[in-house]
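The sequence shown finishes on residue 604 if you use UniProt numbering, and the numbering steps up by one all the way, no holes.
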Amino acid sequence: MPSHSTVTRSPIPPSGPSPDEVRVELERILTNPDLQASERRRAFLRYIVEETLSGRADRLKGFSVAIAVFGRDETFDSQTDPVVRLEARRLRRDLDSYYVDAGSHDPVRISIPKGSYVPHFEWHEPALAPNATPAEAGGRTKEPGVGETTGKPDDTAASGRGRRPVLLIAAIMFAILAAAIAGWMLMKRMAGVEPIASADTVNQPAVVVLPFEALGDSETNRYLATGISQELIGDLMLFPGFRIYTFPASQEKDIRAAGPTELGRDLGVAYVVSGSVRAEAEEVRVATQLTDAASGQVLWARAYERPLEPDALIQVQRDLSAEIATELGQPYGVVNSEMNVRLTTPQVSDMHSYVCVLRAYAFRRNFSSADFAPVLQCLEEAVRRDPAYSDAWAMLGWVLVDSGRIGIRGEDKRQEEYDRALQAVTRAATLAPNSPLALKALAAVNHYIGQYDESERLARMAVDLNPYDPEALAQLGWRLAVRGKFEDGIPILKRAIERSANPPGWYFVLVAIDLYLKGDFEQMLSVAERSAPDGRGVSQALIAIAAGELGKRDMARTALAKMSDYESISSDPASYFRRHGATDAITDALETGLEKARRIATGA
């Protein structure tokens, strides 16, 4: 990406709109209710436009924007806080959506070229002369049937139906254009196909995404198939852990003639993602599947159906690609689960460092003390072997902080493990400042060293970078809820659970606690039991509390007995809850619940 200082295009071309005309357009955009931008992004847009019109475009750097718009101070570092880049990306998308719909007839266009925060201003309609007045520029071009009549009467409903295909095609073409611009930057015409994303020298499983097939001859089918393919590639790239390959659409016929096994042999990929799109009447149906490139076996398949409306088409396309990418790419999703099954096969066993990261994810499902030492050793070897592998450093830090908070190697080792964990995750974030995994791990360590505000900030950054990652959502929701912010945290946790193919038990713990504090003991018991299969002592504590409230003596007795197997919580529950960052109100309530469960269990 070019630095900001290398951008040479003038924001206002010689024949472009005047500053007054640009300001008219700015107000038109900001006052339009159809603009999707948040208040913060609206302030961002106003600031960069006014600075540019005032002759200070050369000062529009990430640092100055962060201070002026986003409330950062002089310690702001864009390498560890990507807020300006993220909000600029969203603002570009907001403007694209505005101009495809509500602003489609605006005479002036404001855009923000990638690689710069300096906006560009240009005329949209050639009929508007450069010396048009602001009032003239503010007018909209009239169409037949909108504010004026043509030679014959027009039936409004019929006219709406007649325009619908045109609107649909226009919306689709815009969606494809937006996706294709990003995709074009990523794809390479192949003599051999090259990966879009990789992890330096680390050997990771490769996934090839084939162009989705359009079922039917209509332009709608073809546009949607291309657009969803491109969006899916971009969304999959948000998930770490595998390399993404793709083909240009021009080679679609050739690659469809080759089966998955031939692609796997020729390209050395492990998996093939393929799909089809059919748009009919008011509905679009997308079918997709994941195939084992070695055997040709279909490992996963799913169909999605959505209503087809011009004004929501871009969002439908994004939602579909995001849902598919989430199922395939999340930490406990289809690809990683399949790779875990195949850890001992020759194709996987030589991916040494990647395998260590997979084993760490498996450890983090149930935090088994027996698995800790071999996983730690594997990760330590991985960072020695591949010192630039950010994911391994992140998981090393995360596993160390897990050991410290649980007490796997004893209470006396806790601070030492927290210190090592902080060093490891800081190294991960330095290697990959925009890695969601590095940010999640850094957030976790900050939480356990008592830096709760910083932990929340980092967790939000991870969600901003990949809003489709259920684990990022769960981490943020958990951190909010355990600090007493249930109204904010619980909906996020529930969203993480809904998006997870196989959610770990800890996703449910704070949901159960919230239900307990609300007095909904039946539902609390149901949720606590969902946390138990791969949960730890805290799951049994919650089951015992719920059982005590419901008067279920045998269940309370059994759960308390199972909880006693976990010394860190059974010996001193209050210290355990506080060590995890629980507020005094949560800790006191859970202690009271456990005391009641013990009385019920003993019949006292």
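The beta-carbon is built from N, C-alpha and C at its ideal position, and this holds for glycine as well.
Looking at C-alpha atoms only, which residue of the options is the closest neighbour of residue i?
{"i": "Gly115", "options": "Lys61, His124, Asp514 and Val375", "result": "Lys61"}
{"i": "Leu308", "options": "Asp217, Arg302 and Arg278", "result": "Arg278"}
{"i": "Lys485", "options": "Val511, Gln36, Ala37 and Gly103", "result": "Val511"}
{"i": "residue 605", "options": "Asn466, Ile497 and Tyr452", "result": "The chain is shown only over 1 to 604; residue 605 falls outside these bounds and no answer can be derived."}
{"i": "Pro470", "options": "Glu381, Ile449 and Lys440", "result": "Lys440"}
{"i": "Tyr448", "options": "Phe577, Ser369 and Thr80", "result": "Phe577"}
{"i": "Gly489", "options": "Asn466, Asp514, Asn502 and Pro467", "result": "Asp514"}
{"i": "Ala432", "options": "Trp398, Asp402, Ala601 and Trp393", "result": "Trp393"}
{"i": "Ala424", "options": "Asp412, Asn446 and Met555", "result": "Asn446"}
{"i": "Gly227", "options": "Arg306, Leu379, Arg318 and Glu323", "result": "Arg318"}
{"i": "Asn366", "options": "His580, Asp402 and Phe44", "result": "Asp402"}
{"i": "Thr326", "options": "Asp412, Leu422, Met395 and Leu238", "result": "Leu238"}
{"i": "Pro119", "options": "Glu567, Val83 and Asp58", "result": "Asp58"}
{"i": "residue 605", "options": "Leu560, Val335, Ala589 and Gly581", "result": "In this structure the chain extends from 1 to 604, so residue 605 is not present and cannot be described."}
{"i": "Ile406", "options": "Val335, Leu376 and Glu567", "result": "Glu567"}
{"i": "Ser54", "options": "Arg23, Gly450 and Asp106", "result": "Arg23"}
{"i": "Ser104", "options": "Ser526, Thr592, Ile29 and Val334", "result": "Ile29"}
Please determine whether the Cβ atom of residue i lies at a distance below 7 Å from any heavy atom of the ligand FAD.
{"i": "Ala589", "result": "This structure does not include the ligand FAD; it has no bound ligands of any sort."}
Would you mind stating whether residue i and residue j have Cβ atoms separated by less than 8 Å?
{"i": "Ser455", "j": "Arg479", "result": "yes"}
{"i": "Ala597", "j": "Ala528", "result": "no"}
{"i": "Glu522", "j": "Leu542", "result": "no"}
{"i": "Leu442", "j": "Glu417", "result": "no"}
{"i": "Ala66", "j": "Tyr47", "result": "no"}
{"i": "Ile112", "j": "Phe121", "result": "no"}
{"i": "Phe372", "j": "Ile408", "result": "yes"}
{"i": "Thr587", "j": "Ala574", "result": "yes"}
{"i": "Leu236", "j": "Gly329", "result": "yes"}
{"i": "Ile324", "j": "Leu232", "result": "yes"}
Any beta carbon of chain C sitting closer than 8 Å to that of residue i?
{"i": "Phe121", "result": "Looking at the structure shown, chain C is missing, and only one protein chain is on hand."}
Near residue i, what residues of its chain come up, given a Cβ to Cβ distance below 7 Å and the 5 sequence neighbours on each side ignored?
{"i": "Val463", "result": "Ala472, Leu473 and Leu476"}
{"i": "Arg222", "result": "Ala214"}
{"i": "Gly410", "result": "none"}
{"i": "Arg495", "result": "Leu473"}
{"i": "Met563", "result": "Gly537, Gln540, Ala541, Ala544, Ile569 and Ser570"}
{"i": "Gln36", "result": "Asp94 and Ser97"}
{"i": "Thr345", "result": "Confidence at Thr345 is low in this model, with a pLDDT of 48, below 50, so the placement of that residue is unreliable and no value is reported for it."}
{"i": "Arg579", "result": "Arg405"}
{"i": "Trp123", "result": "Gly16, Pro17, Pro107 and Val108"}
{"i": "Ala322", "result": "Asp235 and Tyr468"}
{"i": "Ala585", "result": "Gly484"}
{"i": "Pro533", "result": "Gly505"}
Ordered along the chain, which non-local residues of its own chain (more than five positions away) have a Cβ less than 6 Å from that of residue i?
{"i": "Ser531", "result": "Gly505, Phe508, Val509 and Ser539"}
{"i": "Arg414", "result": "Gly404"}
{"i": "Tyr304", "result": "Val286 and Leu320"}
{"i": "Ala225", "result": "Phe212, Ala214 and Val277"}
{"i": "Asp292", "result": "Leu299"}
{"i": "Asn131", "result": "Caution is warranted here: a pLDDT of 38 is assigned to Asn131, below 50, making its placement in the model unreliable, and no coordinate value can be reported."}
{"i": "Ala459", "result": "Ala443, Gln475, Leu476 and Arg479"}
My understanding is that residue i touches residue j, with C-beta atoms under 8 Å, so please give their C-beta distance in whole angstroms.
{"i": "Val209", "j": "Val273", "result": "5 Å"}
{"i": "residue 607", "j": "Val108", "result": "Outside the displayed range of the chain (1 to 604) lies residue 607, so it cannot be described from this structure."}
{"i": "Leu86", "j": "Val49", "result": "With 8 Å as the limit, Leu86 and Val49 do not qualify as a contact, their Cβ atoms being about 20 Å apart."}
{"i": "Leu91", "j": "Phe44", "result": "6 Å"}
{"i": "Ala589", "j": "Leu517", "result": "6 Å"}
{"i": "Gly275", "j": "Thr288", "result": "4 Å"}
{"i": "residue 610", "j": "Asp101", "result": "Because the chain in this structure spans residues 1 to 604, residue 610 falls outside the shown range and cannot be described."}
{"i": "Pro331", "j": "Tyr361", "result": "5 Å"}
{"i": "Thr83", "j": "Phe63", "result": "For clarity, residue 83 is Val in the given sequence; the question names Thr instead. At roughly 11 Å, the Cβ-Cβ gap does not stay under 8 Å, so Val83 and Phe63 are not in contact."}
How should residue i be labelled, buried or exposed, when 16 other C-beta atoms within 10 angstroms of its C-beta is the threshold for buried?
{"i": "Thr31", "result": "exposed"}
{"i": "Ala270", "result": "buried"}
{"i": "Ser97", "result": "buried"}
{"i": "Ser571", "result": "exposed"}
{"i": "Asn502", "result": "exposed"}
{"i": "Arg557", "result": "buried"}
{"i": "Thr602", "result": "exposed"}
{"i": "Ile390", "result": "It should be noted that the sequence gives Ser, not Ile, for residue 390. Buried."}
{"i": "residue 627", "result": "Outside the displayed span of the chain (1 to 604) sits residue 627, for which this structure offers no information."}
{"i": "Thr220", "result": "buried"}
{"i": "Arg243", "result": "buried"}
{"i": "Ala382", "result": "buried"}
{"i": "Gln79", "result": "exposed"}
Spatial neighbours of residue i within its chain, please: C-beta separation below 8 Å, excluding the five flanking residues on both sides.
{"i": "Arg420", "result": "Gly397 and Leu400"}
{"i": "Asp412", "result": "none"}
{"i": "Arg385", "result": "His352 and Ser353"}
{"i": "Leu376", "result": "Leu396, Val399, Leu400 and Ser403"}
{"i": "Arg41", "result": "Glu87, Arg90, Leu91 and Asp94"}
{"i": "Gly283", "result": "In the sequence under discussion, the amino acid at residue 283 is Glu, which differs from the Gly named in the question. Correct list, in chain order: Glu305, Arg306, Pro307 and Leu308."}
{"i": "Pro374", "result": "Arg359"}
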